[in-house]
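Going down the list, the protein sequences come from chains A, B, C and D.
Residues 11 to 331 in our numbering are what the first sequence lists, from first letter to last.
Residues 373 to 873 in our numbering are what the second sequence lists, from first letter to last.
Residues 38 to 370 in our numbering are what the third sequence lists, from first letter to last.
Residues 38 to 370 in our numbering are what the fourth sequence lists, from first letter to last.
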Amino acid sequence: ACGGTTTEDTKGSESADTSTAEAGDGNYNISVILKTTASEYWGYVKAGAEAYGKDHPNVKVEVKGASSETAYDEQLGMIETELSNASNDGFVIAPLQADMVKTKIAGQTKPIAAVDTDIDAPEVFTFVGTGNEAAGKLGGAAAVEAAKAAGWEEIKAIEICGVQGDSTNEARKAGYMAGIEEAGGDFLEEETQYAEATADKAVNCMEAIMQKFPDGIAIICANNDDMAMAAARTGKANPNYANTIYLGFDGIQAACQSILKGELTMSVAQQGYEMGYKSVEAVVQKLDGATDIPDFIDSGADVVTLDNAQERMDTLKGYLA
Amino acid sequence: MSEYVVELKNAVKLFPGVVALKNMHLNVKPGEILGLIGENGAGKSTLIKVLTGVHQPDEGEIYVEGQLKKFKDPNESAAAGIACVYQELNIEPLLSITDNIFINKWIKKGGLLDYPTMHKKAKEVMASLGQDIDPHKPAGTFGMGVQQMIEIAKAVLIDAKMIIMDEPTSSLGEKEVEQLMKTCRDLKARGIGIVFVSHKLEELFELCDRVTVIRDGEFIETRDTKDWDNDSLITAMVGRSLDNQFPKEFGQKSAEPVLKVENLQEGGVLFGVDFEAYGGQILGFAGLVGAGRTETMRAIFGADPIDGGKVYIHGKEVSIKNPRQAINNGIAFLTEDRKGQGLVLAQTIRTNLILANMKRFCNGPFLNEKKIVESGQEHIKSLRIKTPSIDEIVGQLSGGNQQKVVIGKWLNADADIFIFDEPTRGIDVGAKVEVYNVMNSLVKAGKCVIMISSEMPEILGMSDRVVVMRGGKVMATVDRDSKHFNQEDIMKAAWGGTLDG
Amino acid sequence: MAKTMTKKKGGNGVSLGTLAALVVLCVILAIASPNFLNYNNIMSIFKQCTFNAFVSVGMLLCLITAGIELSVGANAIFCSCLMGMLLQKGITDNGVVMVIVALVAGTAIGLINGLLLTRLHLPHPFVSTLGMKNVLWGAALLVTSSQIVSGFPETTAWFGGSDVGGFPIAFIFVIILYIVMHIFLTKTTLGRSIYCVGGNPEAARLSGINSANVLTFCYTFSGLMAAIAGVYTTGRSGICNGAAAIQPYDTDAIAACIIGGASFMGGKGTMAGTMVGVLIIGVLRNGFTLLSFDTALQNLVLGLVIILAVLMDVTRERMEAKARRMAAANSAK
Amino acid sequence: MAKTMTKKKGGNGVSLGTLAALVVLCVILAIASPNFLNYNNIMSIFKQCTFNAFVSVGMLLCLITAGIELSVGANAIFCSCLMGMLLQKGITDNGVVMVIVALVAGTAIGLINGLLLTRLHLPHPFVSTLGMKNVLWGAALLVTSSQIVSGFPETTAWFGGSDVGGFPIAFIFVIILYIVMHIFLTKTTLGRSIYCVGGNPEAARLSGINSANVLTFCYTFSGLMAAIAGVYTTGRSGICNGAAAIQPYDTDAIAACIIGGASFMGGKGTMAGTMVGVLIIGVLRNGFTLLSFDTALQNLVLGLVIILAVLMDVTRERMEAKARRMAAANSAK
Ligand SMILES: Nc1ncnc2c1ncn2[C@@H]1O[C@H](COP(=O)(O)OP(=O)(O)OP(=O)(O)O)[C@@H](O)[C@H]1O
Ligand SMILES: Nc1ncnc2c1ncn2[C@@H]1O[C@H](COP(=O)(O)OP(=O)(O)OP(=O)(O)O)[C@@H](O)[C@H]1O
Ligand SMILES: [Mg+2]
Ligand SMILES: [Mg+2]
């Protein structure tokens, strides 16, 4: 299923619930604390969350995020500030360090939903997302299939990592590894490259990989789209890497373009917009006293390929419009 | 066309908290050497910096060959033909001598700098100043004498109408001074006007056609040199008369030497220096620039590592590895380079005065500000340091007053061996007497005083004994009552001659 | 330099210009957000300032000596990870032991920084501490095998976590620390020596001050401060994370000191000024959250404020100097 | 200072110690990895050095004036994002126009840095450029609305992407640039003035050099270099991403210059030395990827090498100085 349509009809169903929401005891301030707002993916989560606010005049949604996905202390500070702010009725948190948030929110009575990355704490009543690991697994498997289709006999995979020690990074890595191994691929863990989640370093890593494996590698999977795209561009120059499978993560617009241009092969896409929308929705329902909220709301993940890239791109454009 | 090449009329210059100049006058004729003299802090350097456009006067006009000029920066004064040797050395330590001499006056060929030519010229001009050195070397590797000559070379090189020299001789030895005077006379012969600032009266009498005296930022008087004499000059500048320029007093010579140095060796600089210094005496160190006097003292003081030799204090051999140990052994060392080695320019007088002996101003680990201020005020009074307050930043004092702060610092160190390296460098005659009196009271108190000086009158006027050095060796030791205790013989030794008997 | 020398300070040595900047900032935020002046929020500002407050002390000492200490942040994180390792590898779960290990390690690292500079005669601490920063970043990841460790015992959490009536213990400690250090810098011989070594090391040496030891002390002390910051952040967040070593803690600290009147040329800087600098940065970040600025704006504004704060100060100085000249003029009349 | 003054240089001004460090490094890597000396790999080392090579030139000029330029990296990324914006917002898809816009913008930002320092009399460029770094980081995100932009036209990609016989065009440009700048610094009036301003500002001022203009030039030029680096990285990676602005590009550049013999006290530093510094860092990072080191190890080793490189140099100097003294001693016998 492609991100576009699903979100459309969920939105449809929302507007139905909205009535009940308003029936509930009125005005809510929901504080949404994301990992950062400095990336396209989080832009969609933000858009989704704010969209809920627009659909429901009685709900005021405020989205904030740290200055980068490694600005741990900044997010810690934000969470403190928000929790201590009496006018907030409920919280949505995408933790940079889940365990840290766990200690911070200990004893909180107001409803807290985790988005994108789970927080295993009693105070958190639900987790909206897919989980980076699960999503990574999905992508890994898909990549192996694609590699087989592309005619690779021995399916070796090398990963270009983000920031070592960063939990998102570790989760995606684990996911890729599991997905690829299970689908019969060979994940060369000791060859893993670390590019600090930046495109230019990814190019360096790709060049080194081509040095060490002159006759090609079946799968190059990167922890985000910038690195994947940069790697793909670099690899295309080398005939032995021409039909390598380049797997990215996030499925942002640029990635879709790159896929359509035939550079990037595929990208794991989490439904950022939906996550944002549904997480706020869940908190509001909780505030309205709903008891039947599942503790895991799957926002769905899928793999963007040549078939659905165009479609997804249009949907994404629509979100930010 | 006026008779003066440069003329300054009723200039006023204000600094935060200080009036440096009030209705100041100065005029220089082409082809004359004008002496400028005044106490420390009188405003000489400020006056000069106004003439060169470093400072802009709050009031007053500057005329160059009759035309009114306003200088926004040193470039404009240079363009108008005014060159200057500033009081403080302004050396680019890391750059070659050539770069220093041609700074902002570089010679170009085809758009690029023409170093071959510049090196050649640099070598020539330094040679003409009696310095035979390789102009490729970084200026920072040379001593103050050479650096001073570099500054002079800068000014000589551009063809100026007037050259100002602010205390050019303060860090030069006899030989260099001679060279400089010769250079000045040549320039004068070429019709260039020269302003010559010095605290050494004999230099002014020897060199100048007219002498201008200023005091407390005010113009006092200009006369032809022949109409001045020592007393009138001193009276005019300090506003009172000084009976004796070298008030020598005698202390009680200790039986045993307080400081004894045997065969001091330092690679390339010192080749077996021996001497003894007694309590209650001033031991003078004479020699030409580069003779190794400073290096000797630095070695004794533990400032530089030595390669051999013994040092005894009160007959006990001591091994001094660093200045701290030296001070603990009762040695005080007033260095010749106050800016680089003597003072923390960015700190206050208060702090600089206690630098060498904070212990003395402590209760436990805490500084006793009351004590510090009291002794500070005392030094400011006794040494006549011209400053708005004890909390003035030392960097903003006039050169001579900075020197007095360094002396104050070492007086606080309660040492019994005092090494003064060029102690009266850049100090006015009045203040010199104060410094001599300080030395007198030290010897009276039985302390041992060592005075390095490149001023022969000072050596002769104040020393009880004189050690003459040359090339890192002791050439002679002359007692005050010996027949050799005169300028000729001492200079002879300094030049490498031997003294019979 | 001359102009900075005449710098007029308020009684305790904080430059009034910067203080004004802080006040203005607070007023603006108080108007912009109703929650700003709320007690809890002020408390969380203090909590958010504490880390920077600690590392800035060490940074200030190094800046006064005309040096710099780029490894403060990495050192803090390394110490935190060291505690994590003890727990993770099951070596001990005794909080006190962990804290002691952290403090010792941090101080030792500071000592190494100092010795690198003074004994090996490296030209400028920038290089050695930059190197050390990278080394520690790597080490922090290694000791925890790049994992986030959580579940620290109460005793460890105490310093970072607990408060009296909402007022964080650690910040009380900070206040005391700053007062003590203020006295140390202004009223003790060692303190005064630090300024002199910064102003002119050679003159200090020839005056019998052992410049090498003074420098070594400053870097060692900075190491201790970093370690305390590490213990604090561990307690506060309840976890340790080696990846955090990339955060620009050092620039935050430097910014705080410089805003507070320290200089790269050495010889300048006060505790009071530094505290103001720390608060300005802390208040800003807090304001961003309250007004939910997005990242782009946050960085933009932070940058502008850093420039403005210093600008205000400089302009004030120059106006003062002018005034004093005028005064002198009139007195001369 | 004295010891640094006696610094012995190779003909073109590169310190032999650092050169040795580079050689040693290469030998080690050649042994450790069979691919290291392979032609393509050496080419990719050049490619990987290019960005740092550009920003280091600007950084060097600023360091020589005893200043610092922390916004070089952010400036480069901002320029890259500016190009991205033109594409994203459909303003133009003409590569040439994009490049011109980038170069102009980068230079303008450099000019602002210079004016902040010289006209507003900020005490030290550290603060203004640190502020600017944050401002540019924010701006880079704003102009691209925090999105990654890809699909740049070929013309833009040319500089960063193309090569002659495997030898990257951009690095040929770097080599020419370094030769030209070497001549500029050693053989032109402005070049020498830069050293004078850095070595002793007062002396420069008294000899009539307009320090303000010299400084402004250095920072403006640094801005241009950053812009070129921005164009390069855009072409090389084919995308632009504002988030990259926090990457420690500035520390890489500073490390390169310092390893190459520049000093924070100003007045020192050469193009040749800087090139060696750039190569040392480039070769290291390349080695890391070849040996697929993880972040932890990378930082550990990078840190140690930075310290060692400088250490080697210092020790060499001191041994030389000692040798000279002894020689003098004997000759005197
Ligand atoms: N930059 C400055 N800021 C404030 N005060 C200054 C500054 N420069 C000089 N002064 C003050 O101006 C007065 C004159 O100083 P100046 O250097 O002209 O004296 P001088 O005659 O050269 O003394 P010396 O013989 O010791 O060199 C002194 O009181 C000094 O403190
Ligand atoms: N003014 C100088 N000119 C040349 N060389 C100098 C000078 N000052 C120091 N040196 C260097 O240091 C060595 C010893 O110089 P030192 O300063 O001890 O001589 P000095 O007798 O103290 O002369 P000064 O009168 O300059 O103090 C010299 O051999 C020379 O290498
Ligand atoms: Mg003077
Ligand atoms: Mg001497």
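Ideal Cβ positions, reconstructed from N, Cα and C, are used throughout, including at glycine.
Give the secondary structure of residue i by DSSP, where H, G and I count as helix, E and B as strand, and everything else as coil.
i: residue 406 of chain B; result: strand
i: residue 720 of chain B; result: strand
i: residue 582 of chain B; result: strand
i: residue 33 of chain A; result: Residue confidence is low: residue 33 of chain A scores 42 on pLDDT, short of 50, so the model does not pin down where it sits. No coordinate-derived value is stated.
i: residue 426 of chain B; result: coil
i: residue 280 of chain A; result: strand
i: residue 498 of chain B; result: helix
i: residue 320 of chain A; result: helix
i: residue 458 of chain B; result: coil
i: residue 715 of chain B; result: coil
i: residue 147 of chain D; result: helix
i: residue 641 of chain B; result: coil
i: residue 111 of chain D; result: helix
i: residue 647 of chain B; result: strand
Give a yes or no on whether 8 angstroms exceeds the smallest Cβ distance from residue i to chain C.
i: residue 332 of chain D; result: yes
i: residue 38 of chain A; result: no
Would you give the residue range spanned by the beta strand (DSSP E) that residue i belongs to?
i: residue 395 of chain B; result: 390-400
i: residue 383 of chain B; result: 378-387
i: residue 166 of chain C; result: Careful: residue 166 of chain C lies outside any beta strand (DSSP E), inside the alpha helix (DSSP H) at 162-180.
i: residue 471 of chain B; result: Not the beta strand (DSSP E): residue 471 of chain B falls in the alpha helix (DSSP H), residues 469-473.
Looking at chain B, is there any beta carbon in it that lies within less than 8 angstroms of the beta carbon of residue i?
i: residue 356 of chain C; result: no
i: residue 232 of chain D; result: yes
i: residue 229 of chain D; result: yes
i: residue 240 of chain D; result: yes
Could you tell me which residues DSSP puts in a beta bridge with residue i?
i: residue 846 of chain B; result: B:841
i: residue 230 of chain A; result: A:168 and A:256
i: residue 689 of chain B; result: B:684
i: residue 731 of chain B; result: Beta-bridge pairing links residue 731 of chain B to no other residue.
Do you know whose CA, among the options, lies nearest residue i's CA?
i: residue 297 of chain A; options: A:230, A:184 and A:123; result: A:123
i: residue 116 of chain C; options: C:250, C:212, C:85 and C:272; result: C:272
i: residue 240 of chain A; options: A:213, A:91 and A:125; result: A:213
i: residue 96 of chain A; options: A:61, A:77, A:41 and A:82; result: A:41
i: residue 118 of chain A; options: A:100, A:109 and A:107; result: A:100
i: residue 123 of chain C; options: C:109, C:180, C:108 and C:113; result: C:180
i: residue 73 of chain C; options: C:328, C:140, C:335 and C:366; result: C:328
Answer with yes or no whether the minimum CB distance from residue i to chain A is below 8 angstroms.
i: residue 89 of chain D; result: no
i: residue 281 of chain D; result: yes
i: residue 278 of chain D; result: yes
Chain D beta carbons: is any one of them nearer than 8 angstroms to that of residue i?
i: residue 171 of chain C; result: yes
i: residue 476 of chain B; result: yes
i: residue 91 of chain A; result: no
Which first and last residues belong to the alpha helix (DSSP H) in which residue i is found?
i: residue 131 of chain C; result: Note, residue 131 of chain C: premise wrong, no alpha helix (DSSP H); not H, not E.
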